[in-house]
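The structure appears right after this line, and notes come after that.
Number of protein chains: 4
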Amino acid sequence: MSSADDSVVVRFVTEDDKDGWQRLWKSFQEFYEVSFPNELDDFNFKRFLDPTVKMWAAVAVNGLSGEIIGMVNFFSHMSTWDFKDKIYINDLYVGENSRIKGVGRKLIQFVYEEADKLGTPSEYWCTDESNHRAQILYTKIGYKAPKIMYKRNGY
Amino acid sequence: MSSADDSVVVRFVTEDDKDGWQRLWKSFQEFYEVSFPNELDDFNFKRFLDPTVKMWAAVAVNGLSGEIIGMVNFFSHMSTWDFKDKIYINDLYVGENSRIKGVGRKLIQFVYEEADKLGTPSEYWCTDESNHRAQILYTKIGYKAPKIMYKRNGY
Amino acid sequence: MSSADDSVVVRFVTEDDKDGWQRLWKSFQEFYEVSFPNELDDFNFKRFLDPTVKMWAAVAVNGLSGEIIGMVNFFSHMSTWDFKDKIYINDLYVGENSRIKGVGRKLIQFVYEEADKLGTPSEYWCTDESNHRAQILYTKIGYKAPKIMYKRNGY
Amino acid sequence: MSSADDSVVVRFVTEDDKDGWQRLWKSFQEFYEVSFPNELDDFNFKRFLDPTVKMWAAVAVNGLSGEIIGMVNFFSHMSTWDFKDKIYINDLYVGENSRIKGVGRKLIQFVYEEADKLGTPSEYWCTDESNHRAQILYTKIGYKAPKIMYKRNGY
Chain Y
1 MSSADDSVVV RFVTEDDKDG WQRLWKSFQE FYEVSFPNEL DDFNFKRFLD
51 PTVKMWAAVA VNGLSGEIIG MVNFFSHMST WDFKDKIYIN DLYVGENSRI
101 KGVGRKLIQF VYEEADKLGT PSEYWCTDES NHRAQILYTK IGYKAPKIMY
151 KRNGY
Chain H
1 MSSADDSVVV RFVTEDDKDG WQRLWKSFQE FYEVSFPNEL DDFNFKRFLD
51 PTVKMWAAVA VNGLSGEIIG MVNFFSHMST WDFKDKIYIN DLYVGENSRI
101 KGVGRKLIQF VYEEADKLGT PSEYWCTDES NHRAQILYTK IGYKAPKIMY
151 KRNGY
Chain E
1 MSSADDSVVV RFVTEDDKDG WQRLWKSFQE FYEVSFPNEL DDFNFKRFLD
51 PTVKMWAAVA VNGLSGEIIG MVNFFSHMST WDFKDKIYIN DLYVGENSRI
101 KGVGRKLIQF VYEEADKLGT PSEYWCTDES NHRAQILYTK IGYKAPKIMY
151 KRNGY
Chain F
1 MSSADDSVVV RFVTEDDKDG WQRLWKSFQE FYEVSFPNEL DDFNFKRFLD
51 PTVKMWAAVA VNGLSGEIIG MVNFFSHMST WDFKDKIYIN DLYVGENSRI
101 KGVGRKLIQF VYEEADKLGT PSEYWCTDES NHRAQILYTK IGYKAPKIMY
151 KRNGY
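Protein chains in written order, with full-length UniProt numbering: chain Y, 1 to 155; chain H, 1 to 155; chain E, 1 to 155; chain F, 1 to 155.
If you want it as structure tokens, here you go:
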């Protein structure tokens, strides 16, 4: 397992990754019990590749098989609390068969490094209260903010 | 009190509101035990007034005295979950002496209405777990999302 | 209001308080959207008065009108973490018209004092996550334990 | 692993289990970063064996090696919400090397069964907010109560 582990590479998506990314994106939606139209996939992927849009996606690739086994989507936004933008990790997903291999950690680590390069090192992300498997990782690679989120009714 | 209440008007900030807004912004920082440089106040206020930047501030004004008694700062950002942007209410503050008058509710209501006009009706905001006074209002005007927020260590 | 406040007296229930206590106990049930049979009221009140049962109730009485305006029910139980028992505040309720007068605080304070006399000074209690009005008081008179409670399905 | 799994037996402690139980009890304390005097261990074990005290302990035993690999301590207490007592699972611990084998589940299941026999089927227990590993199990075998716990300052 350690060799498989070492061979996982995380990199930004390219035009060719659309299918692999979309497969994980669909699994991600199933996990969260939501369903988006394919047009949104296209719109997202276009934004990931557009250098004028501060939204990105990276994938974790099994170096041996070439298979895309994980994805992370993130973007940059303003804040009144800082001159610098913040990076929000919108989505993180690792294929069911590739868990417990440090893939999730590598994906977040990739975002940290890219955020540092961008000069906007502040990142955050959210997860469901009940997603304890994810939180075992998150408490190792970040910290729980003592915040409660409220939303407008109906959204 | 009801006449005072009725006379509260919420509107976008103008150039002339800088001092009144800044006074509340400073009180807000005290409340959250943070302290930002004055340059950030200037930068924020510039963004509020710049029509090319999707960051805004509104103030609640006592119609009788003309005093600024509340403020709300919000901005728009992308999401991979939607074609439309989402509105994040970054800061909400009502002067200590103007609480329990529905001012906080009017400020959020103002954001809802402006968001509808913008075509991006989805809003959300955060508060401290321990800010129960605010949450009494928030549970009436929105709903608690079952989310946990994580941040990168050091940020 | 301060004189009314001063005149609130908290004391253990006596045989004569059954009706006043039961009235609040019913309001308490409405608040929590539960409904217990009258037989349970009888059983509880019997336990409160039985010196061999470590379950007690105290009431807050308006010294001017003699009206019972608040109640607290509590009992003692073992713990593997201590030689001493712990006191659990099972129910706390203040009549809707008597809130914001420090009645809730006086009731908890009464339990603290009685617990000290019993030699079992450790108290705890629970409330609904969404009961922010109560938590404004609780964060002043105690602290939030970083605990999550789980229950058997169906109970 | 399935044979090892099948061979795990959960049963009430007997006089002879003191050392094995105490070893896990000490590990449990390390995990929770607390430290109790040995006299408390003695007091607890005495209560477990005393038929007049409604406090019990059960251990999970590896059927092949005879080793005690898990423990659960629980007791019964009154409630104003029911004629029947409730069972509180005070402590649950599985040895570090015996996790992911269903031992924790078997221990809770044992308590459920004994509680049913006692006629007090309502159980609950608590865990640290940050103990996500435990909560992966607890969400499967029970449900999260929407409760917040408060404690008296200093306890």
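Every residue gets a Cβ at the ideal spot worked out from N, C-alpha and C, and that includes glycine. Here the structure is a predicted model, which means the values were calculated and not measured.
Within the model, the alpha-carbon separation for residue 58 of chain Y versus residue 36 of chain Y is close to 20 Å. Neighbours of residue 135 of chain H across chain E, judged by C-beta separation under 9 Å: 130, 132 and 135.
Closer than 8 Å to the CB of residue 114 of chain F there is not a single CB belonging to chain E.
Taking the C-beta atoms as reference points, residue 82 of chain Y is found nearer than 8 Å to residue 122 of chain Y.
At least one CB of chain E lies nearer than 8 Å to the CB of residue 147 of chain F. Here residue 77 of chain Y has 85, 86 and 88 as same chain residues with Cβ atoms under 7 Å from its own Cβ, once five neighbours each way along the sequence are excluded. Taking a contact to require three or more Cβ pairs closer than 8 Å, the region 93 to 104 of chain E and the region 106 to 117 of chain H do not qualify as touching.
Residue 145 of chain H sits close to residue 150 of chain Y, with the two beta carbons spaced by under 8 Å. At least one beta carbon of chain H lies nearer than 8 Å to the beta carbon of residue 139 of chain E. Beta-bridge annotation (DSSP): residue 55 of chain E is paired with E/75.
For residue 67 of chain Y, there are no CB contacts under 6 Å within the same chain when 5 residues up- and downstream are skipped. Excluding five sequence positions before and after residue 120 of chain E, the CB atoms of its chain that fall closer than 7 Å to its own CB belong to 76, 84, 85, 86 and 87, given in chain order. For the region 84 to 103 of chain F, the beta-carbon criterion of a distance under 7 Å to any beta-carbon of chain E is satisfied by 90 and 91. Per DSSP, the continuous alpha helix (DSSP H) segment holding residue 21 of chain E begins and ends at 18 to 31. The beta-carbon of residue 121 of chain Y is placed less than 8 Å from the nearest beta-carbon of chain H. Residue 53 of chain H has its alpha-carbon roughly 12 Å from the corresponding atom of residue 43 of chain H. In this structure, residue 21 of chain H lies away from residue 55 of chain H, with their beta-carbon atoms at least 8 Å apart. The C-beta of residue 32 of chain H has fewer than 16 other C-beta atoms within 10 Å across all chains shown, which makes the residue exposed. Taking a C-beta distance under 8 Å as the contact criterion, residue 132 of chain E and residue 139 of chain H qualify as a contact pair. Annotation: Cβ neighbours of residue 142 of chain Y in chain H (cutoff 8 Å, chain order): 150, 151, 152 and 153. Of the other Cβ atoms in all chains shown, 16 or more fall within 10 Å of the Cβ of residue 74 of chain H; this residue is therefore buried. Take residue 134 of chain E, set aside five residues on each side of it, and the residues of its chain with a beta-carbon closer than 7 Å to its own are 127, in chain order.
Per DSSP, residue 64 of chain F lies in no alpha helix (DSSP H) segment and is marked neither H nor E.
Between residue 7 of chain H and residue 63 of chain H, the beta carbon gap of about 3 Å places them in contact (Cβ cut-off 8 Å). Residue 11 of chain F has F/59 as its beta-bridge partners, per DSSP.
Straight-line spacing of the CA atoms in residue 80 of chain E and residue 109 of chain F works out to 20 Å. Ranking E/65, E/129 and E/153 by CA distance to the CA of residue 147 of chain E puts E/129 first. In the three-state reduction of the DSSP assignment, residue 131 of chain E falls in the coil class. Under the three-state reduction of DSSP, residue 155 of chain Y is assigned to coil, being neither helix nor strand. Setting aside the 5 residues that flank it on each side, residue 27 of chain F is surrounded in the same chain by 93, 95 and 96, each with a C-beta closer than 8 Å to its C-beta; the list follows chain order. The beta carbon of residue 35 of chain E does not come within 8 Å of any beta carbon belonging to chain F, so the residue lies off that interface. Bounds of any beta strand (DSSP E) do not take in residue 104 of chain Y; it lies within the alpha helix (DSSP H) bounded by 103 to 118.
Annotation: residue 46 of chain E is outside any beta strand (DSSP E); the continuous alpha helix (DSSP H) that includes it extends over 38 to 49. Annotation: the continuous beta strand (DSSP E) that includes residue 91 of chain E extends over 86 to 94. The Cβ atoms of residue 48 of chain E and residue 13 of chain E lie closer than 8 Å to each other.
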